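Undergrad:
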Amino acid sequence: MLHHIEIYVSNLEKSYAFWSDILGQIGYCATGRWEDGFTLGKDSEGYLTFIQVAEKQAAHPYHRCGVGLNHLAFRVEGQQRVDGLRQHCWAQAISCLYDDKYPFAGGKDYYALFIEDPDRIKVEFVAT
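Here the sequence shown is numbered in the numbering used here, starting from 1 and rising by one per residue.
(1) Determine the burial state of CYS29: buried for a count of at least 16 other Cβ atoms within 10 Å of its Cβ, exposed for fewer.
(2) Determine the burial state of LEU2: buried for a count of at least 16 other Cβ atoms within 10 Å of its Cβ, exposed for fewer.
(3) Between the Cα of CYS153 and the Cα atoms of ILE121, THR128, ILE51 and PHE125, which residue gives the shortest distance?
(4) What number of angstroms, rounded off, separates the C-alpha of PHE38 from the C-alpha of PRO103?
(5) In whole angstroms, what separates the C-alpha of LEU85 from that of ALA59?
(6) Sort out for me which residues DSSP pairs ILE51 with in a bridge.
(7) Between which two residues does the alpha helix (DSSP H) harbouring LEU85 extend?
(8) Where does the unbroken beta strand (DSSP E) through ARG75 begin, and where does it stop?
(9) Could you tell me the alpha carbon to alpha carbon distance between GLU35 and ASP109, rounded to whole angstroms?
(10) Kindly indicate the opening and closing residues of the beta strand (DSSP E) around PHE104.
(11) Count the other CB atoms, across all protein chains shown, that sit within 10 Å of the CB of ILE22; report buried if there are 16 or more and exposed otherwise.
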């Protein structure tokens, strides 16, 4: 099992607003906050830490199709929960990726929602 993931972000406040809201929908909560970062966790599962990128590194923007992380995927219980997340995203003006293929953008038997965070990291919620 994964212990934690650390992600550098371009704007800590935007990232906190986005991630605490969207992951709050599936039971994550803030477990730590400090001047240049925060952590979100859920029960005994792994946690995510977000750190404000250093100014000297900020000129190198992230792109999910380059070397490195492509996306983060989270399991959610049931298709109705995925649908609820989609409705929440619409209400929060969060764009849904591949919306024309929803909910089967990942394949005919793969019920999932895809969105992007403020730094364009793709985030997936898949029904289990």
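The beta carbon of each residue, even a glycine, is placed where N, CA and C say it ideally should be.
As the structure is a prediction and not an experimental result, all values here were calculated from the model.
TA: If we stick to the structure as given:
(1) Taking the first residue of the sequence shown as position 1, residue 29 is located at position 29. Classification for CYS29: exposed.
(2) Counting from 1 along the sequence shown, the entry for residue 2 is found at position 2. Exposed, because fewer than 16 other Cβ atoms sit within 10 Å of the Cβ of LEU2.
(3) Because residue 153 is not part of the residues shown, which for the chain are 1 to 128, the question remains open.
(4) Within the sequence shown, numbered from 1, the residue matching residue 38 stands at position 38. Within the sequence shown, numbered from 1, the residue matching residue 103 stands at position 103. Going from the Cα of PHE38 to the Cα of PRO103 covers about 31 Å.
(5) Counting from 1 along the sequence shown, the entry for residue 85 is found at position 85. Counting from 1 along the sequence shown, the entry for residue 59 is found at position 59. For LEU85 and ALA59, the distance between alpha carbons rounds to 32 Å.
(6) Counting from one through the sequence shown, the residue named residue 51 turns up at place 51. DSSP lists TYR8 and GLY37 as partners of ILE51.
(7) Sequence index remark: in the sequence shown, residue 85 carries index 85 (1-based). LEU85 -> alpha helix (DSSP H) spans 79-91.
(8) Here residue 75 refers to the residue found at position 75 of the sequence shown. Where ARG75 is concerned, the enclosing beta strand (DSSP E) stretches over 71-76.
(9) Residue mapping note: residue 35 aligns to position 35 of the sequence shown, counting from 1. Residue mapping note: residue 109 aligns to position 109 of the sequence shown, counting from 1. About 43 Å.
(10) Looking up residue 104 in the sequence shown gives position 104. Segment: none, PHE104 is in no beta strand (DSSP E) and carries neither H nor E.
(11) Within the sequence shown, residue 22 is the residue found at index 22, counting from 1. ILE22 is classed as buried because its beta carbon has at least 16 other beta carbons within 10 Å across all chains shown.
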